[in-house]
Structure formats: structure tokens, C-alpha cells
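S.K.: Quick one: this structure, given as C-alpha cells, is what I'll be asking you about.
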Amino acid sequence: MTRDDRSTPEEFKGFVPRPAPANLRQKVLAAAAAGGTRPVGRFLSQVQWGMAAACAFLIIGALAGDAFISRTLAGRLDVLLNEHLAASLAGDSDRAGLEELIGVDQAHSIRQPMIRPRQDRALRMEGRMNWNDMALEEKEYADVFTKSPR
Amino acid sequence: MKLDELYDSYGDALYRYLTLKLGSAQDAEDILQETFVRLARYGDRARFIRDPKSFAFRCAHNEANRFWKKRLRRRNEEAAFRPELACLLFRGPDKTSEIRLGEALAGLSAEQREAVVLKDFEGLTFRDIGSACGVSTHTAASRYRYGLARLRAFFGEQK
Numbered sequence: 305m306t307r308d309d310r311s312t313p314e315e316f317k318g319f320v321p322r323p324a325p326a327n328l329r330q331k332v333l334a335a336a337a338a339g340g341t342r343p344v345g346r347f348l349s350q351v352q353w354g355m356a357a358a359c360a361f362l363i364i365g366a367l368a369g370d371a372f373i374s375r376t377l378a379g380r381l382d383v384l385l386n387e388h389l390a391a392s393l394a395g396d397s398d399r400a401g402l403e404e405l406i407g408v409d410q411a412h413s414i415r416q417p418m419i420r421p422r423q424d425r426a427l428r429m430e431g432r433m434n435w436n437d438m439a440l441e442e443k444e445y446a447d448v449f450t451k452s453p454r
Numbered sequence: 625m626k627l628d629e630l631y632d633s634y635g636d637a638l639y640r641y642l643t644l645k646l647g648s649a650q651d652a653e654d655i656l657q658e659t660f661v662r663l664a665r666y667g668d669r670a671r672f673i674r675d676p677k678s679f680a681f682r683c684a685h686n687e688a689n690r691f692w693k694k695r696l697r698r699r700n701e702e703a704a705f706r707p708e709l710a711c712l713l714f715r716g717p718d719k720t721s722e723i724r725l726g727e728a729l730a731g732l733s734a735e736q737r738e739a740v741v742l743k744d745f746e747g748l749t750f751r752d753i754g755s756a757c758g759v760s761t762h763t764a765a766s767r768y769r770y771g772l773a774r775l776r777a778f779f780g781e782q783k
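Residue numbers (the working numbering), protein chains in the order written: chain A, 305 to 454; chain G, 625 to 783.
Spelled out as C-alpha cells, the structure:
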């Protein structure tokens, strides 16, 4: 701290600050009371709160939904994957093995992989097949590939 | 702190500061009003203000700058401190000494004048001045020291 910081200079001795005009206090405080709560500002503030609440609701909803899906559907997906794996392992030629593995009803509900991936890709590359008409043509292709002339 | 308490504590000092900064008592009244409107808009958030004094001075400083920016856009003029303003702001032993003080203050740059008046007449610390004017404490102190040296030189010449 310097000397200047501690003492008032000699030149300023004897000077006293004058107060502000007497009526200014009332004027300033009235303006502050009127201007400090502007309707537009208040409305914007409410909109901000509304948006914050909506965002919080969405975030909580997303988290809760995610948890619900994880808990309820994950188990179901697991079952479906197991069924699919079982069907793949069993292969379309060993229907009996598949029925033994997962039961007759389940085996019946699983569609046999009539068209193998490589064939399917080849057909789609030729433009002869799309996913919509695949179900209709399945039987035809199955006939072709299972009873191919030697 | 409530607005009326804030006004009772610092209203007069803010008015003098704004008059000094703007060079006009009328403008100072308007800008003081703007400053308090701005402070009122803080509402409940005002409780987070740690140092109401520096904060109020900073608000006044910003409002004054905003006012000058607007005015400079309209008319190309600079804030000028007239020696007569010292008579309006400070009461001295006699009219002559008030005018002399005004002349001495008019000889300083705006920043030096600000620092000197805030320090010696309004009792702000260098930290408060720095915070109010948006500069570091050291800058505020050096502005004050340079200003004081020029004032002393002025009064020395007068003697």
C-alpha cells in the first residue's frame, strides 16, 4: 500500500461532496419499480421456465423409457435371438433336430432359411427380387434349389 | 439489499460519479434512473451480489458508456468536464476554491479524474474502482497516482 492509498491529499481537505437533488430519490425508485418488472420481461421469464420444465420432462421421460425398454424388451430379444440361433444351428434340413431342440410349435413358427444369404445377394444384384416379393417367391426358389437338376 | 436501501447508501455517490462522467447533471439523473431500473431487473438474483457498492458503480459505469455510445452515434461529441461542475458536486470553503478544484479536475484525463474522485471523495478502494471501471486494481491505482501528480502540479503552480 502506498502513502497515496492511505491519506486524502492536502488539496482536497475542506471539500465535502454535495448530495443529489432531493426529488431524485423518489423519481429513481418509482422508475425502478415500474421498469424493473416489465410485462415483456416477465413473460419471457415465464417462457424460459416453461422451456426448462419441458426439457427436464423430456430428459426424464427418455431416461425412464430407455430403462423400461431395456428391462422389458431385452429379455424378449434374448429369447428371439436364441430361437434364431437354434434354428441356424439346426439347419433347414434337420427339421426334426430343430423340433427336438425348441419344441414343435416354436419350430413351426420359425421360417426356414430357404434362400441362403449368398443366393439372396446374387438374386437381388440381378434385380429379380426385393424384400416385398421375397415371401411369395420363397417356395419357387426353394423348389429350384432343393430340386436342382444335376 | 433492497433498492431503497441501495439508493440511500450509494445514490448520492452514484449521482456525483455520473455527473462527473457525463459532464451533465441532467444526463446523470437520467442514467441514474436507468441504472436503478437495471438493478431492479436483477430481482431475486440480487442476493448473489457480493459487493453491492462496486456492483452499483459498475452498473452506472456501463449505463453511462451505453449512453455515450448512443449519443456518439447521433452527434459527434465527447464528454467534457466543465470546471463549474465541481461547484455542483463538491462544497468547498468558498466559491473560488470550488472553481479551482474544478479547473484542476478538468486538467486530468477522464480515467484519471474518475479514479481520483472515486478514491478521494467517494471512498472507494482501488479494488472497487477497478471493478467499477472494468480495469485491474493496478491500473486503477496507477491512474489515481498519475492523476494525483497532475493535481499536485496544478496546485503547486497556483501557489
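C-beta: ideal position from N, C-alpha, C; glycine also.
Note that the structure is a prediction, hence the values are computed from the model and not measured.
Anything in chain G within Cβ reach of A:Gly339, meaning under 7 Å, just list it in chain order.
M.R.: Residue mapping note: residue 339 of chain A aligns to position 35 of the first sequence, counting from 1. Ordered by position in chain G, the residues that pass the 7 Å Cβ test against A:Gly339 are Val661 and Ala664.
S.K.: Out of G:Leu775, G:Ser678 and G:Arg695, point me to the one whose CA is closest to G:Leu725's CA.
M.R.: Position 101 of the second sequence holds residue 725 of chain G. Minimum Cα distance to G:Leu725 is reached at G:Leu775.
S.K.: Mapping DSSP to helix, strand and coil, what is G:Arg640?
M.R.: Counting from 1 along the second sequence, the entry for residue 640 of chain G is found at position 16. Secondary structure at G:Arg640: helix, using DSSP grouped into helix, strand and coil.
S.K.: Is DSSP giving A:Pro321 helix, strand or coil here?
M.R.: Counted from its first residue, the first sequence places residue 321 of chain A at position 17. Three-state DSSP puts A:Pro321 in a strand.
S.K.: What does G:Arg715 touch in chain A if you count any residue whose Cβ is under 8 Å from its own?
M.R.: Locating residue 715 of chain G in the second sequence gives position 91, where the first residue counts as 1. Annotation: Cβ neighbours of G:Arg715 in chain A (cutoff 8 Å, chain order): Phe319, Val320, Pro321 and Arg322.
S.K.: Is G:Arg706 helix, strand or coil when you go by DSSP?
M.R.: Stepping through the second sequence from its first residue, residue 706 of chain G is reached at position 82. Of the three classes helix, strand and coil, the one that applies to G:Arg706 here is coil, per DSSP.
S.K.: Check G:Arg674 in the structure and name its three-state DSSP category.
M.R.: Stepping through the second sequence from its first residue, residue 674 of chain G is reached at position 50. Residue state, collapsed to three classes: coil.
S.K.: Buried or exposed for A:Ile373, please, with buried defined as at least 16 other CB atoms from any protein chain shown within 10 angstroms of its CB.
M.R.: The residue labelled residue 373 of chain A in the question sits at position 69 within the first sequence. Looking at its Cβ environment, which holds fewer than 16 other Cβ atoms inside 10 Å, A:Ile373 is exposed.
S.K.: Comparing alpha-carbon positions, which option in G:Arg662, G:Ala649, G:Gln650 and G:Ala652 lies nearest A:Ala335?
M.R.: Counting from one through the first sequence, the residue named residue 335 of chain A turns up at place 31. Of the candidates G:Arg662, G:Ala649, G:Gln650 and G:Ala652, the one whose C-alpha sits nearest the C-alpha of A:Ala335 is G:Arg662.
S.K.: Kindly indicate which three-state DSSP category G:Phe714 falls into: helix, strand or coil?
M.R.: Here residue 714 of chain G is taken as the residue at index 90 of the second sequence, counted from 1. G:Phe714: strand per DSSP, three-state reduction.
S.K.: Using a Cβ-Cβ cutoff of less than 8 Å, which residues in the same chain neighbour G:Glu746 once the five nearest sequence positions on both sides are dropped?
M.R.: Reading the second sequence from its first residue, position 122 is the one you call residue 746 of chain G. The residues are Ala637, Arg640 and Tyr641.
S.K.: Run down chain G in chain order and give the residues with a C-beta less than 9 Å from the C-beta of A:Phe316.
M.R.: Along the first sequence, one-based indexing puts residue 316 of chain A at 12. Within chain G, the residues placing a beta-carbon under 9 Å from that of A:Phe316 are Phe714, Leu725, Val740, Asp744, Phe745 and Leu775, ordered along the chain.
S.K.: Can you check whether the CB of G:Leu630 is closer than 8 Å to the CB of G:Ala680?
M.R.: Taking the first residue of the second sequence as position 1, residue 680 of chain G is located at position 56. Taking the first residue of the second sequence as position 1, residue 630 of chain G is located at position 6. For G:Ala680 and G:Leu630, yes; Cβs fall inside 8 Å.
S.K.: Anyone know if the C-beta pair for G:Ala649 and G:Leu732 falls short of 8 Å?
M.R.: Counting from one through the second sequence, the residue named residue 649 of chain G turns up at place 25. Counting from one through the second sequence, the residue named residue 732 of chain G turns up at place 108. Their beta carbons are not under 8 Å apart, which means G:Ala649 does not touch G:Leu732 by this criterion.
S.K.: How is the alpha helix (DSSP H) around G:Phe750 delimited, first residue to last?
M.R.: Against the second sequence, residue 750 of chain G aligns to sequence position 126. Residues Phe750 to Cys757.
S.K.: Can you confirm whether A:Arg310, when its beta carbon is compared against all beta carbons of chain G, has any partner nearer than 8 Å?
M.R.: As a first step, residue 310 of chain A must be located in the first sequence, where it is residue number 6. Note that A:Arg310 scores 49 on pLDDT, short of 50, meaning its location in the model is unreliable and no value can be drawn from it.
S.K.: Give me, in chain order, the residues of the same chain whose beta-carbon lies closer than 6 Å to that of G:Glu658; leave out the 5 immediate sequence neighbours on both sides.
M.R.: Taking the first residue of the second sequence as position 1, residue 658 of chain G is located at position 34. Result list for G:Glu658: Glu687, in chain order.
S.K.: Could you pull out every residue in the same chain whose Cβ sits closer than 6 Å to the Cβ of G:Ser721, ignoring the five residues on either side in sequence?
M.R.: As a working note, residue 721 of chain G is residue 97 in the second sequence. Nothing listed; no residue qualifies.
S.K.: Distance, Cα to Cα, A:Met305 vs G:Ile723?
M.R.: For the purposes of this step, residue 305 of chain A is taken as residue 1 along the first sequence, with counting starting at 1. For the purposes of this step, residue 723 of chain G is taken as residue 99 along the second sequence, with counting starting at 1. In this prediction, A:Met305 has a pLDDT of 40, which is less than 50 and means its spatial position is unreliable; nothing more can be read from the coordinates.
S.K.: Would you call A:Arg375 buried or exposed, if buried means 16 or more other Cβ atoms sit within 10 Å of its Cβ?
M.R.: Numbered from 1 along the first sequence, position 71 holds the residue referred to as residue 375 of chain A. Exposed is the label assigned to A:Arg375, since fewer than 16 other Cβ atoms lie within 10 Å of its Cβ.
S.K.: Rounded to whole angstroms, how far is the Cβ of G:His685 from the Cβ of G:Ala739, which I believe are closer than 8 Å?
M.R.: Taking the first residue of the second sequence as 1, we reach residue 685 of chain G at position 61. Taking the first residue of the second sequence as 1, we reach residue 739 of chain G at position 115. Actually they do not touch by this definition, with Cβ atoms about 12 Å apart.
S.K.: If the criterion is Cβ atoms closer than 8 Å, does the pair G:Ala764 and G:Gly780 meet it?
M.R.: Against the second sequence, residue 764 of chain G aligns to sequence position 140. Against the second sequence, residue 780 of chain G aligns to sequence position 156. Not a contact, by the Cβ cut-off of 8 Å.
S.K.: At a CB-CB cut-off below 9 Å, which residues of chain A make contact with G:Leu627?
M.R.: In the second sequence, residue 627 of chain G corresponds to position 3, counting from 1. Those are Val332, Leu333, Ala336, Ala337 and Gly340, listed as they occur along chain A.
S.K.: With a cut-off of 8 Å on the beta carbons, I'd call A:Pro321 and G:Asp744 a contact; round off their distance for me.
M.R.: In the first sequence, residue 321 of chain A corresponds to position 17, counting from 1. In the second sequence, residue 744 of chain G corresponds to position 120, counting from 1. So it is not a contact: roughly 10 Å between Cβ atoms.
S.K.: Since G:Leu732 is in the alpha helix (DSSP H), which residue starts that stretch and which ends it?
M.R.: Taking the first residue of the second sequence as 1, we reach residue 732 of chain G at position 108. Counting along the chain, G:Leu732 falls outside any alpha helix (DSSP H), and DSSP gives it neither H nor E.
S.K.: Buried or exposed, going by whether 16 or more other CB atoms sit within 10 Å of the CB of G:Ser678?
M.R.: Here residue 678 of chain G is taken as the residue at index 54 of the second sequence, counted from 1. Classification for G:Ser678: buried.
S.K.: Could you tell me if G:Ile655 is buried or exposed, where buried requires 16 or more neighbouring beta carbons within 10 angstroms of its beta carbon?
M.R.: Translated into the one-based positions of the second sequence, residue 655 of chain G becomes position 31. Result: buried.
S.K.: What does the alpha-carbon distance come out to for the pair G:Leu646 and G:Lys693?
M.R.: As a position in the second sequence, residue 646 of chain G is number 22, starting the count at 1. As a position in the second sequence, residue 693 of chain G is number 69, starting the count at 1. Answer to the nearest angstrom: the Cα atoms are 12 Å apart.
S.K.: Against chain A, with Cβ distances strictly below 8 Å, would G:Ala772 count as a contact?
M.R.: Walking along the second sequence from the start, residue 772 of chain G turns up at place 148. As written in the sequence, residue 772 of chain G is Leu, which differs from the Ala given in the question. The C-beta of G:Leu772 comes closer than 8 Å to at least one C-beta of chain A.
S.K.: Report the neighbours of A:Arg329 on chain G: residues whose CB is nearer than 7 Å to its CB, in chain order.
M.R.: What you label residue 329 of chain A is simply residue 25 of the first sequence in a count that begins at 1. Per Cβ cutoff of 7 Å: Tyr631 and Gly635.
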